[in-house]
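Report on the following structure.
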């Protein structure tokens with residue numbers, strides 16, 4: 014009888030960003046990761062931001078993608094880190110915090126239920142987009158096996174490496 018033992022990560026993964034320390038779940042079930050990643054990808058497709066054409070980029074679209082990326086990352090964090098990383102507060106007219114929420118949609122819905130004038134404030138950690146992208150890539154390595162999930166129709170396998178090593182002979186076409 015053959016026995017194969019599998020190890021499970023039990024210690025949180027830690028991302029240190031400047032003075033911040035974010036703890037990510039030791040293990041994430043595949044469907045949890047895929048569901049969160051699918052929501053992020055849906056936002057990207059809906060907004061259709063083309064970073065190569067900066068003249069046509071709508072800042073609101075970029076902001077929406079950035080928020081979706083933050084929510085994706087927070088979904089993989091331990092609760093205390095997620096609460097620090099993404100927090101939208103509902104504040105009353107006097108500036109007092111009425112409630113805190115994980116997404117702006119939840120905060121806007123809660124604000125609509127509060128009597129009187131309210132504002133929704135992004136009170137989470139603000140990081141440069143390049144850092145958010147690096148965190149996303151790192152999380153994909155941790156939970157997705159190092160490759161982004163093949164969820165779009167244009168996803169294709171990487172080309173196989175050519176066999177052997179490249180030679181040193183000059184090309185006939187170069188004469």
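In the working numbering, the protein residues as written are 14 to 188.
The beta-carbon is built from N, C-alpha and C at its ideal position, and this holds for glycine as well.
Under a three-way DSSP split, which group does residue 75 fall into? The sequence position of residue 75 within the chain shown is 62, counting from 1. Three-state DSSP puts residue 75 in a helix.
Bridge partners for residue 36 per DSSP, in chain order? Within the chain shown, numbered from 1, the residue matching residue 36 stands at position 23. Beta-bridge pairing links residue 36 to 27.
Suppose you measure from the CA of residue 121 to the CA of residue 27; what does that come to, to the nearest Å? Counted from its first residue, the chain shown places residue 121 at position 108. Counted from its first residue, the chain shown places residue 27 at position 14. Between residue 121 and residue 27, the alpha-carbon positions lie close to 31 Å from each other.
Measuring only the C-alpha atoms, how far is residue 44 from residue 31? Locating residue 44 in the chain shown gives position 31, counting from the first residue. Locating residue 31 in the chain shown gives position 18, counting from the first residue. Distance between the alpha carbons of residue 44 and residue 31 is about 31 Å.
Nearest-angstrom beta carbon gap, residue 137 and residue 99 [assumed within contact, 8 Å]: Here residue 99 is taken as the residue at index 86 of the chain shown, counted from 1. Here residue 137 is taken as the residue at index 124 of the chain shown, counted from 1. About 4 Å separates the two Cβ atoms, so the contact holds.
Do you know whose CA, among 103, 89 and 139, lies nearest residue 129's CA? Here the question's residue 129 lines up with position 116 in the chain shown. Nearest C-alpha to residue 129: 103.
Same chain, Cβ closer than 8 Å to residue 114, five either side skipped, listed in chain order: Position 101 of the chain shown holds residue 114. The residues are 100, 101, 102, 103, 120 and 123.
Within 8 Å, strictly: CB atoms of residue 82 and residue 53: Counted from its first residue, the chain shown places residue 82 at position 69. Counted from its first residue, the chain shown places residue 53 at position 40. Contact flag set, yes.
Counting C-beta neighbours from all protein chains within 10 Å, is the total for residue 106 16 or more, i.e. buried, or is it exposed? As a first step, residue 106 is located in the chain shown; it is residue number 93 there, counting from the start. Per the 10 Å Cβ criterion, exposed.
Would you mind working out which of 34, 60, 35 and 50 sits nearest residue 74, comparing C-alpha positions? Residue 74 sits at position 61 when you count from the first residue of the chain shown. For residue 74, the nearest C-alpha among the options comes from 60.
In chain order, what residues of the same chain have a beta carbon less than 6 Å from the beta carbon of residue 49, not counting five sequence neighbours either side? On the chain shown, position 36 is the one that residue 49 refers to. Result list for residue 49: 85 and 88, in chain order.
When the Cα atoms are used, what is the spatial distance from residue 91 to residue 46? For the purposes of this step, residue 91 is taken as residue 78 along the chain shown, with counting starting at 1. For the purposes of this step, residue 46 is taken as residue 33 along the chain shown, with counting starting at 1. Their Cα atoms are separated by approximately 14 Å.
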